[in-house]
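The opening position of the sequence shown corresponds to residue 136 in the working numbering, with each subsequent residue numbered one higher.
The structure appears right after this line, and notes come after that.
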Amino acid sequence: VVRRRRFGNSEKFVEAEAALALVIHYFNEELVLAGCEIQGQSQTWMTLVHALPGSDPSRQQWYVMQRSLDAESAFLHEIQSQLVAVALIAVFVALLAGWFLSERMTSPVQRLVGAAEEMERGHYDYPLDVRSRDEIGYLAARFSDMRARQRAYVTSLQEVARLKSEFISVASHELRTPISVIKGYQD
């Protein structure tokens, strides 16, 4: 049995006899539906063999349908390459979104750490620039309050140290003056 199919301007001949013999051999004439691939000169064909409806099984009457797999294979390869491209784009977008979100979450904390390091050096005016109203914004507000109290406390300690130094200077001067007068009277 030879099936003739016309595709475009050229005729292709595909032998269905080999497919039918293969199917009959495997199913021992108890064929319900079977198919196989046949490799032609330039195309691959899918061949389906089925008993004719209402025919006598002993007469071995079959019908054979063939379809080229090359168009489907090309379509599937195209879909596969497009899916790979979409997957690569999705991975890139996921990485970009992950980087953006991590920067958004960690940059306020990094600013708070920078402000704490500047406070340690005595610079209490380091800008925080945290404007969010979430937990990090609350932490930044509390940090600013703590920094203001720390600045006031350090300023008061510096004032107390200055007053102490001034007091010691004045007291030592005042103590030296009467002692000098007494020594002067004594001499």
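Ideal placement from N, C-alpha and C gives every residue a C-beta, glycine not left out.
> Quick one: what does DSSP say V265 is sitting in, helix, strand or coil?
Replying inline: coil
> Counting pairs of Cβ atoms below 8 Å between the segment 265–279 and the segment 298–312, do you hit three or more?
Replying inline: no
>> Given this structure, state the Cα-to-Cα distance separating A250 from R286, to the nearest angstrom.
In response: Spanning the two alpha carbons is a distance of roughly 13 Å.
> In its own chain, which residues sit with a C-beta less than 6 Å from the C-beta of Q178, not counting the 5 before and 5 after it?
Replying inline: Sequence-distant partners of Q178 (beyond 5 residues in either direction) whose C-beta falls short of 6 Å from its own C-beta, in its chain, are S203 and D205.
> Are the segment 215–227 and the segment 241–248 in contact at 8 Å, needing three or more beta carbon pairs?
Replying inline: Cβ pair count under 8 Å is below three, so no.
>> Beta-carbon within less than 6 Å of Y320's beta-carbon, same chain only, minus the 5 sequence neighbours each way: which residues are those?
In response: none
> From this set, M240, Q215 and L183, which residue's C-alpha is nearest M200's C-alpha?
Replying inline: L183
> In three-state DSSP terms, what is H326?
Replying inline: Residue numbering for the chain in the displayed model covers 136 to 322; residue 326 lies beyond these limits and cannot be assessed.
> Can you tell me whether V265 is buried or exposed, with buried defined as 16 or more other CB within 10 angstroms of its CB?
Replying inline: buried
> Exposed or buried, which one is W180 when buried takes at least 16 other CB atoms within 10 Å?
Replying inline: buried
> R282 and M254: beta carbons closer than 8 Å?
Replying inline: yes
>> Looking only at its chain, what residues have a beta carbon closer than 6 Å to the beta carbon of E164, apart from the 5 residues adjacent to it on each side?
In response: Confidence at E164 is low in this model, with a pLDDT of 43, below 50, so the placement of that residue should be treated as unreliable; the coordinate-derived value is given next. Nothing listed; no residue qualifies.
> S279 and L263 look like a contact to me (Cβ under 8 Å); what is the Cβ gap, rounded to whole Å?
Replying inline: Confirmed, Cβ separation roughly 6 Å.
> Where E294 and Y288 are concerned, what is the direct C-alpha to C-alpha distance, given to the nearest angstrom?
Replying inline: 10 Å
> Using DSSP with H/G/I as helix, E/B as strand and the rest coil, what is S177?
Replying inline: coil
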